[in-house]
Every structure is written in C-alpha cells, then in structure tokens.
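Chains as they are written, first to last, in the UniProt record's numbering: chain B, 1 to 218; chain F, 1 to 218; chain R, 1 to 218; chain P, 1 to 218. Written out below as structure tokens is the structure these notes cover.
4 protein chains.
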Amino acid sequence: MKHMTNVARAASWKTASSRSERSERIRSALLSAAAEVVGEVGYAEASVTMITQRAGVGQGTFYNYFKSRQDLLDSLLPDLGEQMLDYVRDEAVGGSGFRDLEEKSFRAFFGFLKSTPQFPRILNEAESFAPAGFQKHLDNVSKRYIRFLQRSMKNGELQDYSEGELEVVAYMLMAARSYLSQRYMSPDGRSVELPRLAADAYMKFVLYGLVGRPPEEK
Amino acid sequence: MKHMTNVARAASWKTASSRSERSERIRSALLSAAAEVVGEVGYAEASVTMITQRAGVGQGTFYNYFKSRQDLLDSLLPDLGEQMLDYVRDEAVGGSGFRDLEEKSFRAFFGFLKSTPQFPRILNEAESFAPAGFQKHLDNVSKRYIRFLQRSMKNGELQDYSEGELEVVAYMLMAARSYLSQRYMSPDGRSVELPRLAADAYMKFVLYGLVGRPPEEK
Amino acid sequence: MKHMTNVARAASWKTASSRSERSERIRSALLSAAAEVVGEVGYAEASVTMITQRAGVGQGTFYNYFKSRQDLLDSLLPDLGEQMLDYVRDEAVGGSGFRDLEEKSFRAFFGFLKSTPQFPRILNEAESFAPAGFQKHLDNVSKRYIRFLQRSMKNGELQDYSEGELEVVAYMLMAARSYLSQRYMSPDGRSVELPRLAADAYMKFVLYGLVGRPPEEK
Amino acid sequence: MKHMTNVARAASWKTASSRSERSERIRSALLSAAAEVVGEVGYAEASVTMITQRAGVGQGTFYNYFKSRQDLLDSLLPDLGEQMLDYVRDEAVGGSGFRDLEEKSFRAFFGFLKSTPQFPRILNEAESFAPAGFQKHLDNVSKRYIRFLQRSMKNGELQDYSEGELEVVAYMLMAARSYLSQRYMSPDGRSVELPRLAADAYMKFVLYGLVGRPPEEK
DNA sequence: AATGAATGAGCTTTCATTCAT
DNA sequence: AATGAATGAAAGCTCATTCAT
C-alpha cells in the first residue's frame, strides 16, 4: 500500500466487497485525502472540493460521511496521531532503559514523518483549527510520555523530579520534537530529514537534563 | 493607557493633533486591532471588516495603510516580535551569569504575555499564514539566543556543546517557551499564568541540561 | 415565446426535463439576460448580480457556467453575432444578383434588430470590453461580405475594384450599418426603426458607388 | 506646445500668472489628462485618481473644477471634437470643388489623429459613457457635412440626392471615417496610419457614389 | 448511497466623493 | 483654492452546504 499513488490509494474503495467495507474505505479515503490536502495547503485553504477530488468521490458524498467540513477537520489529527503513536510504539518495542527507549522513540517519530510529512503542519495548525482534536492528541501523547518518565524514575534512571515537574518536562520534549520537525522540513513541505547533529544534540541535552550524565560513547 | 479598553485605545487617534501624528496613530491602531482579532479568532478568520471595526475606522481606511490584508498580516509578527524582544531585553538588563539571565528572560517572556496574550497564537499561526514574517522572527530570536549561549559557554558556564549543537538547543528552548505559553493559556485565550512549578521545572531541566548542576537553592 | 416577458423567458429552465437540458437552458438564460442587461446599461455597468437576477438564478450559479464575468462578456458578441448572421442568411436566401442580395441582407439586418435591439450597443462596446470577441465577429462578417463582393465582381456586376479595395469597402458598409442602426435607435434603446428614406439612400449610394448605375425603379 | 511631454503640458499651470489664468490652465490640464487616460484605458477604467495624477494636481482639486467624474467625461468629447473640427477646417481651407475638399478633409481627419490618437476610442465609447456629449458632437459634425454636401449639390457636382438622403449619406461617411480609424489603429492604440490603398478606396467609392464618376488620374 | 448543480453569505478590494486642514 | 486621508457602497468571486435526481 505504501507505494500506491495517492489517488490510487484514495480510490481503492472501488474494489471493496461488502457494503460496510466500502463505506469504511470511503471514509478512510476522505481522511487520507484530507491529510494530504491539509498538509499541502493548510486547514484554512483545504476546501471540500479539493478533498473530494483527491479522494475520487463526488462532492456531495462528503456529507454522507461527515456532518460538516469542521467535523472532518476535527477527526484529522486524532486519526493521524494514533497512527503516529502506533508506529512509534512498534518501533520502540524491545528497547530497554530510558536512554535506549527515548532515543528509539525520538528516531521513530522522525521515521514516521518520512511516510507522513504532512504531520507537523497538521499538528501545528490543529491547535487553531481543530482545538478539540489538538487537546485530545496532546493529552494522549503527554500521558504516555509522563508514564514513561515515571517508570524510568522508579527505576532510578533519572534525577529527582516531582510528578508535576515531569509533566512540564514532557511538554518541553514534545515541543522540541514539534519544532525540530518543522525546522528540518524541506522547503516544499514534502519531506523531513533530521541531521545527525540535531539528533545528537537532542539526546545530549535530554540526557544531561534528565539523567545527569552525558551520553555514553557508542 | 494600559487599562483603557481595547476599543478606546484603538480610537485614541481621534484626539491626535498633527496630521502625521494622526496617521501614525491610525496605523498603530490597525496593528493593535489586528493583533487582538488574530489573537481571538486566528489569521484565517481575521477579516478586514473585523479589524477596522475594532480599530474604529472605516473599511476603506484600511487600504490607505496597507496594500492588502496579507500585507498587514505579514507585518503583524515582526511588529509584535520586536516589542517582545525589547521588553525582554529591558527586563533582563543587569542580570549576570547564565543562570540569572536565562531565568530573568524566561520570566520576562511570560511577563510580556500578560499584556499581549495573543502572542502565542499569532506566533504559532504565523508559520502558515505569514511565513516570511515568521522566519524573520525566528531568525531574530534564535540569533540572539545562540549568541547568549555562546557567550555563556566562553565564560565556562556551560557543558561542552558545539556551535551547531547550541543552535539545536536554542530551538528546543524557544519551542519550550512557545509550548508552555500555550499550555498555560487560559481557556478564553485572554491571559497566560505560568505556575511556579512550571518555571521551576523549566529552570531545573535547563540547568541540568546545560550547566550540569541542579539549580542552587535560593 | 417571442412575447413572454424577459424574466419569464429567462426562467423557463424551471420547466426543463432532463438534467443536461436544464443546464443548457440556464446557460442560455444567462446569455440572454446578459444581452438584455448589456444592451440597457452597457458592458461596464452590467454586474453579475443584475444578470443573474434577470435570468432568475442565484448569484453563485453564474460561476457554474462562466469562469468569470469577463468570460461571459467575451462570449456575448460571438453568440449574438452568429444569431445575426444566421438570421440574415436565412432571409437573403433565394435572392439573385448583387442589388437584390445586398438589399435583402441590409433589410434583414434591421429585421434582426427588431428582436435584438441591444445588438448595436453590444457591438459598439465590445470593441473596448471584449476585444477578442469583437475581432472574431468583425472577421466573420467582413470575410463573408468580401466573398460576396468578389462573387458579384466576377459576375461583372460591379465597377473595377481591387481585392484590397473591396476589403476597405466592406468595412465602410459594415460601418454604415452600425452607425445607421444607432442613428435610428429609439431613445429608450428598445427598438430600431429604419425609415424607408434611409434604406433608399443607402441603396442609392451603394449602387452608384459599386455598380455605377442608379437603382432601377421598382 | 505640441512637443512638450504630456506631464509637462499638464503641469504647465504652475507657471501661470493671473489667478483666473491659472484656473483656466488647471481645468485644461485636467481635460488633457483625461483625454490621454481615457484614450489609454477607456472611460470605464479612467479613475479620478489617474486623471489627477496625470494632470499633476491633488485628488481633491478635481472637484473644484468639475461637479463629478461624469461631468468631466461629458465635457471630453465636445472639447476634443471642436479641436478636431478646427484642425480639419484649417487644413481644408483653400480647397475647391467637392472632390478636392472631401479628400483634403478626409486626409486632415487622419492628420489630426496623429496628434490625438485617443480620439477614435473616445468617440466610440462616448456613445455609451457620455451620450449627451456624443449626440452634440455628431450633430455638430453632421450639420457641417450636410451643408458641405448641399453646397456641392447646388454647384451641380453631385448626383441627384434629396436633402434627407444627404443626411443619411453624411452619416455613412462619418461612420466610414470612424471605422477606418479604428481599423488602422496600431495595436498599442498610440498611432493611426491609414494606408494609401484605404484612402484611395474611400475616395473611389465616394466619388462613384456621389459624383457618379471615377476619380480622375492625378 | 452517490452525485453535482444551485445557492447565498461573506470575503477582499476599488473608487467617487467629502471634508478638515 | 489646493490637498489627500477617510469613507462606505458596491463590485467580483469562493465555497460550505443543500437537495433533486
């Protein structure tokens, strides 16, 4: 699926078998199309017409699946956000210890962006255009992050931080991922390439900041 | 003046004396009005009508001062950004040493938000809606930040970071300010109140991360 | 149909059966409405609102049929011009000889104006407001005219004129039709009544000028 | 005066001596500027701003000299029309006989266009945009033309035409001048160059048509 | 269920005119 | 008398949404 063209993927519902599966595929095609369009032109400029054309369905069809344009926009980030979290979880599985897991998931995040370079823009604009979805996403991610930090702390891997402080730190690290992904976005918005230097600096700062020790030489 | 209502402040040009002063005040009223409106409803929804009504001038007047709606939007962040930098510079003046200066300017940033709570949203959306202005602002701020970090490093106050790494760290800290300001925005978007805990956690993380030592007890 | 009011005619699409027929009727209603409006107030004042109201459709509907206001204006003269040429051809059919054909088509032109009194104004203004359409129309008409003159010349009916001269003469005769139609337009612009005297004078001048003999008594 | 640049001519009021002369010059500068502007962009697009800028006076000044934009537009053609008639009269003076006078004045008309190539467009559009001025102009010109034709007739130089017929013919010849001037306008609208062929064809047709004899060899 | 044409609210922008200086 | 900034009416156009097919 990864290498089908966008349109082909979008229109894949045409081969659906059962009625409900077809339905599911159209909905998904609309979401994918919306992700692409919003990634390219932003929420404000993403019109229903553009989205339905990209998805290969009629304009009116849109309203069989979403109550309104805003309804879809609200679904966009939560949908993508879960994909992102699933991806990162899968990639980081089997890691051990704070340092290893943090690095794996940091890299996995940027790995995810290779297939979904629209994500940073969608995330950034969602705060204004789909605030509910944005909050939901932030909660999801921060909760997971905080749990991870707390576990690491219980294992004695981190400096002494209170639970409230860990929440703040979690936000700072999410912020860092977000800013760095935008910072290293290609000008056309179609790919993100994080330089090794940036990844190293991130890890160095985080390890000093949380563990209190510099990264070990590899 | 600080506590006049927005509209009253905006319409203060009516008392202007000379013609050029009046002109200056209207331009400034339009920019202030735009900052308020964009802060409330975002770039995309900020219409010329809303802005001129808020500023207390006729619709057509807008185009005596700005070539187009986009022209004003492009001026918005650079304008506010300079105000912010001026404010922070004034507040941090007289501080000494990395720890002191960093803390002073961190707090000053949030102090600035008390008078301009629209800033975080404007900054965030500018990336999409006024990209040129956004880049300009980011360059301004990051350059100043990096210089500050380099100076601190020369003074032997920081761990060993390369110049390139310092740039990455600067971005991470700008990101942290941005995210935290949004995290602690009141739901109505009209004020930012950074809890002591958050400020402490920030300083703790930064000091561990950069200096390698925990914050001294005050 | 001829005597339905403008609005009623325009709104006749409401009784259309198939979808594509309905489409065709709306497009045609818009063109008719535009012809009327332009005939009354001129190109410059013919607003999309006026045209759609006259056609009995919503404003937005306009843009389902024409890319822009200018797009419709550009279609106006070519559209009417063909109607005019068709009408004149039909009326002049069966005539024989230069004198007969010229007179028949001259009268047919003014006959056409009975049903489309807006034509002279549209033609006149098109030069400024729809130059492409104007050129197209002039080419169509002049080519036909020149061919007719050349045929008459080959038949030995005319004085000796070179091909280039015939083109100039064709322009002069088109000019005459245009000016005379404007000269004898009723003050309200709603009808053209060419006096017998004018038609006679035209024919007399043309016959002397081209044939070299006065019109025969009828 | 003929060779001053437009702007210089327009602003020549600055050197005026008496108050009323200055006044007169500004009014005249506005009319000249309007002629240029309308010649270039047409009545519909000729804004007060463009005209005052071209004339070198402030925008507000306009309304000290004309009641409204339309007021000036209405004055435009009568003003230019008189200049044209004066010019043609001067050039044709001393001619003798219909043939000579007609040819002289025909050529003089095109001579006038060399210095005022805006004339055809202004004349053409005036019918729609300044109908009163247009009628006035047409009356002026046609009356003169008819008088000329009647005089020639009394001298036995023309075929037998009734007075009413002469009026129609006069219109036809005015139409011819107008169409030919537009036909041979350069694409940029800045000059008119009538080819010898066209002038010859015109004279040939007119002489056959009115005199009944071909042009004599020169 | 899928469609796409019809719709009007609402946008940005222009410009003739007014009026305080 | 000359000015140019202020103004709002009115324009062309877009697009989310509805609805008949």
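For each residue, glycine too, the CB sits at the ideal point set by N, CA and C. In this text the structure is predicted, and so the values were computed from the model without any measurement.
(message) Tell me the DSSP secondary structure of residue 251 of chain P in three-state form.
(response) Outside the modelled stretch of chain P, which goes from 1 to 218, sits residue 251 of chain P, for which no answer is possible.
(message) Please tell me whether residue 98 of chain B and residue 138 of chain B are closer than 8 Å, where the distance is taken between their beta carbons.
(response) For residue 98 of chain B and residue 138 of chain B, no; Cβs fall outside 8 Å.
(message) Buried or exposed for residue 90 of chain P, going by 16 or more other Cβ atoms inside 10 Å?
(response) exposed
(message) If I follow the unbroken alpha helix (DSSP H) through residue 74 of chain F, where does it start and stop?
(response) Residue 74 of chain F -> alpha helix (DSSP H) spans 69-92.
(request) Just the chain P side, please: which residues come within less than 7 Å of residue 159 of chain R by C-beta, in chain order? (result) Residues of chain P passing the Cβ test: 208.
(message) Do residue 131 of chain B and residue 185 of chain B count as a contact pair if the criterion is CB distance below 8 Å?
(response) Their beta carbons are not under 8 Å apart, which means residue 185 of chain B does not touch residue 131 of chain B by this criterion.
(request) Pull up the DSSP beta-bridge partners for residue 219 of chain P, would you. (result) Any answer about residue 219 of chain P is impossible in this case: the structure gives chain P only from 1 up to 218.
(request) In the DSSP assignment, find the alpha helix (DSSP H) that holds residue 120 of chain R and state where it starts and stops. (result) Per DSSP, residue 120 of chain R belongs to the alpha helix (DSSP H) from 119-129.
(request) Alpha carbon to alpha carbon, how far is residue 50 of chain R from residue 56 of chain P? Give it in angstroms, no decimals. (result) 37 Å
(message) For a contact defined as C-beta to C-beta under 7 Å, what are the partners of residue 205 of chain F on chain B?
(response) 169, 172 and 209
(message) So, with DSSP's three-state summary, where would you put residue 56 of chain R?
(response) coil
(message) Pop quiz: residue 54 of chain P and residue 37 of chain P are said to be a contact at Cβ under 8 Å. What is the actual Cβ separation, rounded to whole angstroms?
(response) 6 Å
(message) Residues of the segment 123-135 of chain P in Cβ contact with chain R at a cutoff of 9 Å, in chain order, please.
(response) 124, 125, 127, 128 and 129
(message) So, for residue 231 of chain B: in the same chain, excluding its five sequence neighbours on each side, which residues have a beta-carbon less than 8 Å away from its beta-carbon?
(response) Chain B is shown only over 1 to 218; residue 231 of chain B falls outside these bounds and no answer can be derived.
(request) Identify which residue in R:168, R:144 and R:122 has its Cα closest to the Cα of residue 194 of chain P. (result) R:168
(message) Determine, for residue 55 of chain R, whether the minimum Cβ-Cβ distance to residues of chain P falls below 8 Å.
(response) no
(message) Any C-beta of chain B within less than 8 Å: which residues of the segment 177-192 of chain F qualify?
(response) 178, 179, 180, 182 and 183
(request) Please confirm whether residue 192 of chain R and residue 101 of chain R have their CB atoms less than 8 Å apart. (result) no
(request) Would you give the residue range spanned by the alpha helix (DSSP H) that residue 32 of chain F belongs to? (result) 19-41
(request) In the DSSP assignment, find the unbroken alpha helix (DSSP H) run with residue 161 of chain F in it and report its ends. (result) Taken as a continuous stretch (DSSP letters only), residue 161 of chain F belongs to no alpha helix (DSSP H), as it is neither H nor E.
(message) When you compare the CB positions of residue 197 of chain B and residue 164 of chain F, do they come within less than 8 Å of one another, or not?
(response) yes
(message) Counting only Cβ pairs nearer than 8 Å, list the residues of chain R close to residue 202 of chain P.
(response) Result: 168 and 172.
(request) With a 10 Å radius around its C-beta and 16 neighbouring C-beta atoms as the bar for buried, classify residue 147 of chain P as buried or exposed. (result) exposed
(message) With H, G and I counted as helix, E and B as strand and the rest as coil, what does DSSP make of residue 66 of chain F?
(response) coil
(request) Enumerate in chain order the residues of its own chain whose CB-to-CB distance from residue 125 of chain P is below 7 Å, with the five nearest sequence positions on each side excluded. (result) 42 and 43
(request) Mark residue 63 of chain P as exposed unless 16 or more other C-beta atoms lie within 10 angstroms of its C-beta, in which case mark it buried. (result) exposed
(request) Taking residue 44 of chain B as the query, report the chain F residues whose CB atoms sit under 8 Å from its CB, ordered along the chain. (result) 43, 44, 128 and 129
(request) Measure the C-alpha to C-alpha separation of residue 105 of chain F and residue 71 of chain B and round it to an integer number of angstroms. (result) 41 Å
(request) Kindly list, in the order they appear in chain F, the residues whose Cβ is closer than 8 Å to that of residue 198 of chain B. (result) 168
(request) With distances taken Cα to Cα, identify the nearest neighbour of residue 172 of chain R among R:96, R:200 and R:145. (result) R:145
(request) Please confirm whether any heavy atom of the ligand FMN lies closer than 7 Å to the CB of residue 74 of chain B. (result) Although the ligand FMN was asked about, the structure shown includes no ligands whatsoever.
(message) Can you pull the chain P neighbours of residue 175 of chain R, defined as C-beta to C-beta under 7 Å?
(response) 175, 176, 178 and 179
(request) Leaving out five residues on either side along the sequence, give the residues of the same chain with a beta carbon under 8 Å from the beta carbon of residue 177 of chain P. (result) 106 and 109
(message) Is there a C-beta anywhere in chain F that falls below 8 Å from the one on residue 156 of chain B?
(response) No, residue 156 of chain B lies away from the interface with chain F (no Cβ there is under 8 Å from its Cβ).
(message) Applying the 10 Å Cβ sphere with the 16-neighbour rule, what's the burial state of residue 127 of chain P?
(response) buried
(message) For residue 101 of chain P, report the span of its alpha helix (DSSP H) as first-last.
(response) 98-115
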